Amino acid sequence: MAMSVVTPAHKSKDVSSLVHTFAQSSFVLVQSNNGATNGTTLWLAGQALAFYFSANLKIPKPGTIALELGSGIGLTALAVACLGFTVLATDIPLVHDTVLARNIVANAHAVPPPGTVSSRVLDWLVPFPDSLSDPPPALVFTADTLYAPHLITPLLQTLHAASLPARAPCYLCIERRDPALVDAALRAASDVWHFTVTRIPHKKLIDALRRGGVDQAALSAGDWADLEIWKFTHPKTPPLAAAALASAASAALP
Numbered sequence: 006m007a008m009s010v011v012t013p014a015h016k017s018k019d020v021s022s023l024v025h026t027f028a029q030s031s032f033v034l035v036q037s038n039n040g041a042t043n044g045t046t047l048w049l050a051g052q053a054l055a056f057y058f059s060a061n062l063k064i065p066k067p068g069t070i071a072l073e074l075g076s077g078i079g080l081t082a083l084a085v086a087c088l089g090f091t092v093l094a095t096d097i098p099l100v101h102d103t104v105l106a107r108n109i110v111a112n113a114h115a116v117p118p119p120g121t122v123s124s125r126v127l128d129w130l131v132p133f134p135d136s137l138s139d140p141p142p143a144l145v146f147t148a149d150t151l152y153a154p155h156l157i158t159p160l161l162q163t164l165h166a167a168s169l170p171a172r173a174p175c176y177l178c179i180e181r182r183d184p185a186l187v188d189a190a191l192r193a194a195s196d197v198w199h200f201t202v203t204r205i206p207h208k209k210l211i212d213a214l215r216r217g218g219v220d221q222a223a224l225s226a227g228d229w230a231d232l233e234i235w236k237f238t239h240p241k242t243p244p245l246a247a248a249a250l251a252s253a254a255s256a257a258l259p
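Per my numbering, residue 6 is the first one in the sequence shown, and the count goes up by one each step.
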């Protein structure tokens, strides 16, 4: 059974194959709701971030690298590739091997040039690999990856390591299910990792959802109400200080 979206992700968890149209492309995305991990189904924040980027990102120079952390079934990565980026979608082995790699391979042909998309395994619990992409990413993004206290530090460490070489902006889209956890993560991003942390105005997100095809009835029903997008940028920090921070963070990982 296939479902054509824009259906909010939480209303399609029992659908094994999602048909999602983005710009002029149509993707068929498999998902698995078997309870083994929550990363093998579509999540609302991934849909929302795709719509936000479509409405707000400038067309990049060909070959501009974008990196996604926690790509899940791959929708947001494919959407960003449609905007002209060279996208690397990543996730842990279970998610990558179950749904992500399959969806990227099956849908890469639907990405118009010059955009491209590929995938690989990336585990935040190990030091960030220097060889992940060359040149380094000019954009780093992640959606619905802030849900457990023990993952706050690994996520922020990986965002910092991935974005520092090119001083790339990072975008984090979340549903505010646990306000205390979200607030702790945002404080750590600022106080520990020295990102400049800025919330994207909610009106810009709602406008992007409307432009993406989310109707007013769905917006009024509150299906998309708890979403937030945060932008992390690097201040003008002396390079040695930034490198020392990254080195200390890597040493602290198990």
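Positions of the beta carbon are idealized from the N, C-alpha and C atoms, including for glycine. Quick caveat, the model's predicted, so the values are computed rather than measured.
Per-residue burial, residue i [other beta carbons within 10 Å of its own, 16 or more giving buried]
{"i": "Gly218", "result": "exposed"}
{"i": "Gly227", "result": "exposed"}
{"i": "Asn39", "result": "exposed"}
{"i": "Gln52", "result": "buried"}
{"i": "Ala7", "result": "Bear in mind that a pLDDT of 38 at Ala7, under 50, signals an unreliable position, so the model cannot answer this."}
{"i": "His25", "result": "buried"}
{"i": "Val131", "result": "exposed"}
{"i": "Pro244", "result": "Model confidence at Pro244 stands at a pLDDT of 49, short of 50, so the residue's coordinates are unreliable; what they give is reported in the following sentence. Answer is exposed; the Cβ neighbour count stays below 16."}
{"i": "His155", "result": "exposed"}
{"i": "Ile179", "result": "buried"}
{"i": "Val187", "result": "buried"}
{"i": "His15", "result": "exposed"}
{"i": "Gln162", "result": "buried"}
{"i": "Ala71", "result": "buried"}
{"i": "His101", "result": "buried"}
{"i": "Ala230", "result": "exposed"}
{"i": "Lys241", "result": "exposed"}
{"i": "Ala213", "result": "buried"}
{"i": "Ala153", "result": "exposed"}
{"i": "Pro206", "result": "exposed"}
Residue i: first and last residue of the uninterrupted beta strand (DSSP E) it sits in
{"i": "Asp96", "result": "Thr91 to Asp96"}
{"i": "Leu72", "result": "Ile70 to Leu74"}
{"i": "Ser30", "result": "Ser30 to Val35"}
{"i": "Val202", "result": "Thr201 to Arg204"}
{"i": "Phe146", "result": "Leu144 to Ala148"}
{"i": "Leu23", "result": "Ser22 to Phe27"}
{"i": "Thr121", "result": "Thr121 to Val126"}
C-alpha distance - residue i paired with residue j, whole-angstrom precision
{"i": "Thr45", "j": "Thr150", "result": "13 Å"}
{"i": "Ile97", "j": "Asp220", "result": "34 Å"}
{"i": "Arg107", "j": "Ser59", "result": "24 Å"}
{"i": "Ser37", "j": "Leu224", "result": "27 Å"}
{"i": "Ser136", "j": "Leu99", "result": "22 Å"}
{"i": "Pro13", "j": "Ala166", "result": "32 Å"}
{"i": "Ser31", "j": "Ala115", "result": "7 Å"}
{"i": "Val209", "j": "Pro119", "result": "Looking at the sequence shown, residue 209 is not Val but Lys. Near 27 Å, if we compare the C-alpha coordinates of Pro119 and Lys209."}
{"i": "Ala111", "j": "Leu23", "result": "13 Å"}
{"i": "Ser138", "j": "Leu160", "result": "18 Å"}
{"i": "Leu47", "j": "Asp196", "result": "32 Å"}
{"i": "Ala222", "j": "Val33", "result": "25 Å"}
{"i": "Phe237", "j": "Leu177", "result": "8 Å"}
{"i": "Ile109", "j": "Ala86", "result": "11 Å"}
{"i": "Trp235", "j": "Trp129", "result": "20 Å"}
{"i": "Ala148", "j": "Glu73", "result": "9 Å"}
{"i": "Val11", "j": "Asn43", "result": "20 Å"}
{"i": "Glu233", "j": "Arg182", "result": "11 Å"}
Same chain, Cβ closer than 8 Å to residue i, neighbours up to 5 away in sequence not counted
{"i": "Ala192", "result": "One detail in the question is off: residue 192 reads as Arg in this sequence, not Ala. Contacts found: none."}
{"i": "Ile157", "result": "Leu151, Leu186, Ala189, Ala190 and Ala193"}
Alpha helix (DSSP H) segment containing residue i, residue limits
{"i": "Ala173", "result": "No alpha helix (DSSP H) contains Ala173, which DSSP labels as neither H nor E."}
{"i": "Ile234", "result": "First-last for Ile234: Leu232 to Thr238, but that is the beta strand (DSSP E), not the alpha helix (DSSP H)."}
{"i": "Thr163", "result": "Ile157 to Ser168"}
{"i": "Tyr57", "result": "Leu49 to Asn61"}
{"i": "Asp261", "result": "Look at the range of the chain in this structure, 6 to 259, and you will see that residue 261 is not part of it."}
{"i": "Ser225", "result": "Gln221 to Ser225"}
{"i": "Asn108", "result": "Ala106 to Asn112"}
{"i": "Asp102", "result": "Where Asp102 is concerned, there is no enclosing alpha helix (DSSP H), given that its DSSP letter is neither H nor E."}
{"i": "Lys209", "result": "His207 to Gly217"}
{"i": "Ala153", "result": "No alpha helix (DSSP H) holds Ala153; DSSP gives it neither H nor E."}
{"i": "Thr81", "result": "Leu80 to Cys87"}
Beta-carbon contacts of residue i that lie in its chain and below 7 Å, excluding the five residues immediately before and after
{"i": "Val104", "result": "Val35, Gln36, Ser37, Thr45 and Ile78"}
{"i": "Thr55", "result": "The displayed chain sequence assigns Ala, not Thr, to residue 55. Result list for Ala55: Phe27, Leu80, Thr81 and Ala84, in chain order."}
{"i": "Ile211", "result": "Leu224"}
Same chain, Cβ closer than 6 Å to residue i, neighbours up to 5 away in sequence not counted
{"i": "Thr69", "result": "Phe90 and Ala143"}
{"i": "Ala113", "result": "Val122"}
Could you tell me whether the stretch 12-22 touches the stretch 200-207, using the rule of 3 or more Cβ pairs below 8 Å? no
Is the stretch 138-156 touching the stretch 173-180, taking contact as three or more C-beta pairs under 8 Å? yes
Would you call the stretch 85-93 in contact with the stretch 117-129, where contact means no fewer than 3 C-beta pairs closer than 8 Å? Taking a contact to require three or more Cβ pairs closer than 8 Å, the stretch 85-93 and the stretch 117-129 qualify as touching.
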